[in-house]
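For reference, the structure discussed in these notes is given below.
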Amino acid sequence: MKQVLSFAIVMLTGLGIFIQSRHSENKAGDSTEGYQLGDQVVDFKLSGVDGASHSLSDYYRQGAEGVIVIFTCNICPVSQRNEDRIIALHQKTSILGFPVVAINTNDPEKSSGDDFAAMQARASDKSYPFDYLQDMTQEVGKSFGAGHTPQAFLLDKEQRVRYMGAIDDSPYNAANASQHFIEDAVNHLKQGTMPDPAITKSIGCSIKYRT
Amino acid sequence: MFLKRLSYALTAVVVILMQACQPVSSRQPAKPFYEQALTLEDIPKSDFTGLQKRLGVGKDTTFILNFWATWCHPCIEELPYFEALYPQFQDTPIKIVLISLDFPEQAAEKLPAFIQEHRLQNQVWFLDDPNPNSWVNTVESEWSGSIPATWVWKAGKRAFKEGSFANLEELKSFIQPYI
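Chains as they are written, first to last, in our numbering: chain A, 1 to 211; chain B, 1001 to 1179.
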């Protein structure tokens, strides 16, 4: 009788171990080249929907303490769900010295609706308070290693990357956000501390690079 | 007498548990998914923890998991390659699952309709987990978070690809080492 009992116990224990042990990892992922935390961003110059050219260094010359670079676009449904948030973010952080600069890197040939005229129309319809720039050569997107939209990078006063990733912890629904990563990161820099977390992840649309 | 009954009862529990731990593939009907997915309730739904648990149930099952959404055009373009593999993996421990990241409030309207329209044969699971920051790195730390993305999940082995497969051959050679 005892034997049957112990057999049953051994089997149950074995099953438990079996279920527990299936968590080993063996990575074989694509890696995205681009700026890492602490890297100093090389100056760039892009055309804005306002018809003017904008350099990263311009914002600093105009007194910015840092810049929030957000890769976004017209057509990605996740970007669209973050559009009002990006507007509100700029309104909040620009007065702290951290303007938003939105960059569209999508190849308009591959991404219908992301051409310059469509960008201008969207910015006008929504009265974007921030600059919306077209990365026609895609060099800026590549230098940041931007993989999807929307994706944000916070640069400090020395143009160094101090935060990269999501705007907040609820990309699909602003009302459910409980952690506002970018805003928190800006507040850290304002207080002279490093953002924590400094890297976060979100879900979004792949950026359409020319291959 | 009591001990004898107890041991029978325990043995029965073990047998039931062992059956519950059978590979997922052997417990599921072999008919194409679109025949059963008429409403959102017919589509398995979970958060990421639930997804991990579900993967852990399949003892010898290799899962080929494709993250997609009905709003993602590049995702829809590559779905036919996954569908083309469906007949090949019937009655094998290899299972393709299309993991939908659709917007929760649109899923009831869009997901079953899409499955019907495209007559999707592979299983679709709905991953409803609002905070990707809590789970994207668990899939793969190099994943930027863009979809489509494909994750191979086999006991002790993982593989990951961010981005689209250009054709069926590319998908086949990606999964070949794991099947």
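A virtual CB, placed ideally from N, CA and C, is assigned to each residue, including glycine. Here the structure is a predicted model, which means the values were calculated and not measured.
Provide the residue span of the alpha helix (DSSP H) that contains Y60 of chain A, from first to last. If you look at Y60 of chain A, you'll find it in the alpha helix (DSSP H) that goes 56 to 61.
Where Y172 of chain A meets chain B, residues with beta-carbon distance less than 8 Å: From the beta-carbon of Y172 of chain A, the residues of chain B found nearer than 8 Å are F1103, P1104, P1130.
Run through the region 1066 to 1133 of chain B for me and flag every whole beta strand (DSSP E) of 3 or more residues, listed as ranges in chain order. Runs found: 1094 to 1100, 1123 to 1127.
Alpha-carbon spacing of Q80 of chain A relative to K1161 of chain B, whole angstroms: Linking Q80 of chain A to K1161 of chain B through their CA atoms gives a straight-line distance of about 26 Å.
Between the region 1062 to 1082 of chain B and chain E, which residues of the former have a C-beta closer than 7 Å to a C-beta of the latter? The structure shown contains no chain E; the protein chains it does contain are A and B.
For G1163 of chain B, would you say it is in contact with chain A, using Cβ-to-Cβ distances shorter than 8 Å as the test? So, interface residue.
Taking the beta carbon of K208 of chain A as the centre, do at least 16 other beta carbons fall within 10 Å, making it buried, or is it exposed? Burial call: buried.
Taking the alpha carbon of D43 of chain A as the reference point, which residue from A:F116, A:S206, A:L37, A:Y60 has its own alpha carbon closest? Taking each of A:F116, A:S206, A:L37, A:Y60 in turn and checking the Cα distance to D43 of chain A, the smallest one comes out for A:Y60.
Is any beta-carbon of chain B found at less than 8 Å from that of T137 of chain A? It does not: the Cβ of T137 of chain A has no partner Cβ on chain B nearer than 8 Å.
Taking only three categories from DSSP, how would you classify Q151 of chain A? The answer is strand: DSSP assigns Q151 of chain A an E or B state.
What in chain B is Cβ-close to A166 of chain A, meaning under 7 Å? Near A166 of chain A (Cβ distances below 7 Å), the residues of chain B are N1133.
Run through DSSP, which three-state label would M136 of chain A get? M136 of chain A: coil per DSSP, three-state reduction.
Contact criterion: CB-CB distance below 8 Å. Does P150 of chain A meet it with respect to chain B? No - not a single Cβ of chain B is within 8 Å of the one on P150 of chain A.
Would you mind giving the Cβ-Cβ distance between S1100 of chain B and L1111 of chain B, rounded to the nearest angstrom? I have them listed as a contact below 8 Å. That belief holds up - the Cβ atoms of S1100 of chain B and L1111 of chain B are roughly 6 Å apart, short of 8 Å.
Could you check how far apart the C-beta atoms of G113 of chain A and N74 of chain A are, in whole angstroms? I think they sit under 8 Å. That belief holds up - the Cβ atoms of G113 of chain A and N74 of chain A are roughly 5 Å apart, short of 8 Å.
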